[in-house]
Amino acid sequence: MTVRTRFAPSPTGYLHLGGLRTALYCYLFAKQNKGKFILRIEDTDQEREVDGAIEMIYSSMRAAGLHYDEGPDVGGEYGPYIQTERKDIYLPYAMQLIESGHAYPCFCTVEELAERREAAAENGITFKYDKKCASIPKDEAKKRMASGEPYVIRQNMPIEGSSSYEDVLFGTVEVPNNELDDNVLIKQNGMPTYNFANVIDDHLMAITHVMRGSEYISSTPKYNLLYDAFGWERPIYIHLPVVMKDATRKLSKRYGDPSFEDLLDMGYVKDAIINFIALLGWNPGDNREFFTLDELVEAFSLEGLSKSPSIFNMDKLKWFNFEYIRNMPFANYLKQATPWFDKELQGKNIDYKRLAELTQTRTEVFNQLPEMIDFLAELPEYDIAFYTHKKMKTNSEISLTILKELIPVMEGIDDWSENTIHETLVNFIAEKGCKNGLVYWPLRIAMSGKLNTPGGAIEIAYLLGKNETLKRMNIGIDKLEN
Ligand code: GLU
């Protein structure tokens, strides 16, 4: 048996992180078993479709590195892979079910159904279709269908007994059949519903393992009844627990929780996100925390999946990201940091390579960079209280003296390199016989206007250049004198 898994998103917006995790697990499981991973677009509910969402799914999957073997934009023997392009495939299967008594056309109008739904609500019962049209004799029903009367096709659920299946993660799931609603399989406009298209496609695409969100656990018995009605083999089901924001609510875009694209835009590194997402509900069984995608393919196992909801801990993701940034090859870091440097420093003559060396080990998320380096573009307003530092034993008065004495010394530097600046300052300190901090602290404050900076006084002076350094030292002197 060739393992075939599918990721089947509906194009209703950005790829949310729960969806990304499903896609990732489907990918890992298929790759690990030398099987195939398929992307299928489930767009039969066109009212919910968001413009551009299909393209976004492709680009997100590409950005995540989850290459599918078959899918709308890559082809494959089981296509088309977009459900609306398969529209004509479904009706003959529904007709077959009508013949065998597993489905029936329903002519109840929207208004009638609304009335019955209301009545049910008034009596405090959950509305379930009452099978009114199931009793129409088949011949009559067919005549009415042929006459052009609007209808939907409903699944005819058994009223007795119960349906059960084994979920790999959740074990036996059993539902009394009389609780199952007669789902619409084909809508009035001829379009299948998710409930139907999903089953037909999983079968026709020879999907062996269905991995999806746990919200489908309780409707899966209905899908199984369809498999049984057709005499098809059911797939293996692995429902995945929800990803929670915290103990009380699901992760949700509606509450402003980030999507995969948002995280990328914020400057999270793809590999860090994937690594983190993999561990949301899966455990390698040891203490290992860092995995490349290929290592995940090796290590992943269904036994390591957890059925309790996992909590999306942003701080943990940040930590992963910090570790990934810290450990990435320098050239890679420089490349990814450059657009973030540009936000503040474009057109300024700043040595990005040096700046990258100074920031790589301090960056948790790339979007922190502009704020970290903004002082290089422009000296911020700052409080002269910054010149006072207990441990460095400096205060405003001492700082003023030091800055004044330093001006001619710095002016005398011809070759403005870190080495020369360093030597010059070391000599100055030695002559004065004072502590390093007494000189470096005021100098760095004057140049940056910030308490925390990437790099110290020497590096910042180098990055700013001689003119700007002297200009800022003079501003510092002015501030301290007034
Ligand atoms: N289209 C469904 C969704 O986006 C997929 C469910 C499934 O994988 O069967 O939730």
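Per the working numbering, residue 53 is the first one in the sequence shown, and the count goes up by one each step.
For glycine and all other residues, C-beta sits at the position ideal for the given N, C-alpha and C.
Cβ atoms of residue j and residue i: under 7 Å apart, would you say?
i, j, result
"residue 122", "residue 90", "yes"
"residue 149", "residue 258", "no"
"residue 154", "residue 235", "no"
"residue 521", "residue 513", "yes"
"residue 315", "residue 330", "no"
"residue 101", "residue 132", "no"
"residue 225", "residue 354", "no"
"residue 75", "residue 57", "no"
"residue 229", "residue 214", "yes"
"residue 73", "residue 332", "yes"
"residue 440", "residue 447", "yes"
"residue 118", "residue 77", "no"
"residue 525", "residue 428", "no"
"residue 260", "residue 126", "no"
"residue 461", "residue 480", "yes"
"residue 450", "residue 531", "no"
"residue 61", "residue 109", "yes"
"residue 135", "residue 249", "yes"
"residue 244", "residue 404", "no"
"residue 146", "residue 237", "yes"
"residue 267", "residue 66", "no"
"residue 227", "residue 287", "no"
"residue 434", "residue 485", "no"
Quick one: what's got a C-beta closer than 8 Å to residue i's C-beta in the same chain, skipping five residues either side?
i, result
"residue 196", "157, 159, 188 and 203"
"residue 296", "302, 303, 361, 362, 363 and 364"
"residue 401", "517"
"residue 382", "408, 409 and 412"
Which residue wins for smallest C-alpha separation from residue i, given the options the options?
i, options, result
"residue 292", "64, 534, 71 and 531", "71"
"residue 393", "367, 460 and 319", "319"
"residue 511", "477, 464 and 531", "477"
"residue 140", "105, 343, 252 and 183", "252"
"residue 444", "458, 497 and 407", "497"
"residue 505", "432, 218, 351 and 336", "432"
"residue 186", "167, 206, 201 and 176", "206"
"residue 310", "110, 68, 54 and 227", "68"
"residue 262", "151, 285 and 523", "285"
"residue 369", "499, 288, 503 and 416", "416"
"residue 321", "115, 106, 124 and 528", "115"
"residue 357", "493, 222 and 165", "222"
"residue 53", "59, 66 and 88", "88"
"residue 162", "181, 200, 488 and 287", "181"
"residue 194", "390, 151 and 113", "151"
"residue 294", "255, 334 and 308", "334"
"residue 308", "255, 276, 173 and 366", "366"
"residue 99", "164, 241, 172 and 175", "241"
"residue 457", "529, 138, 265 and 374", "529"
"residue 128", "111, 390, 256 and 198", "256"
"residue 399", "170, 172, 430 and 503", "430"
Enumerate in chain order the residues of its own chain whose CB-to-CB distance from residue i is below 7 Å, with the five nearest sequence positions on each side excluded.
i, result
"residue 395", "422"
"residue 372", "324, 327 and 328"
"residue 246", "94, 96 and 97"
"residue 343", "327, 330 and 351"
"residue 337", "356"
"residue 218", "224"
Please tell me whether, using a cut-off of 6 Å, the distance from the CB of residue i to the nearest non-hydrogen atom of the ligand COA is below it.
i, result
"residue 228", "Within the structure as shown, the ligand COA is missing, the only ligands being the ligand GLU."
Residues in its own chain within less than 6 Å of residue i by CB, not counting five upstream and five downstream?
i, result
"residue 468", "518"
"residue 419", "318 and 319"
"residue 465", "472 and 476"
"residue 84", "349 and 352"
"residue 290", "220, 221 and 263"
Inset, instruction - Enumerate, from N- to C-terminal direction, the unbroken alpha helix (DSSP H) stretches of 4 or more residues contained entirely within the stretch 340-386. - result: 345-351 and 366-379
Legend entry - Unbroken stretches of the alpha helix (DSSP H), 4 residues or longer, contained in the stretch 416-449: 421-429
Legend entry - Completely contained alpha helix (DSSP H) runs for the stretch 161-215, where each covers 4 or more residues: 162-174 and 190-198
Legend entry - Unbroken stretches of the beta strand (DSSP E), 3 residues or longer, contained in the stretch 108-167: 155-158
Legend entry - Uninterrupted beta strand (DSSP E) stretches inside the stretch 311-345 (no shorter than 3 residues): none
Legend entry - 3 or more residues per run - each beta strand (DSSP E) lying fully within the stretch 438-505: none
Inset, instruction - Please go through the stretch 222-295 and give each complete alpha helix (DSSP H) segment of 4 or more residues, from N-terminal end onward. - result: 246-256 and 272-282
Inset, instruction - Just list the beta strand (DSSP E) runs in the stretch 63-91, keeping only unbroken ones of 3 residues or longer that don't cross its boundaries, in chain order. - result: 88-91
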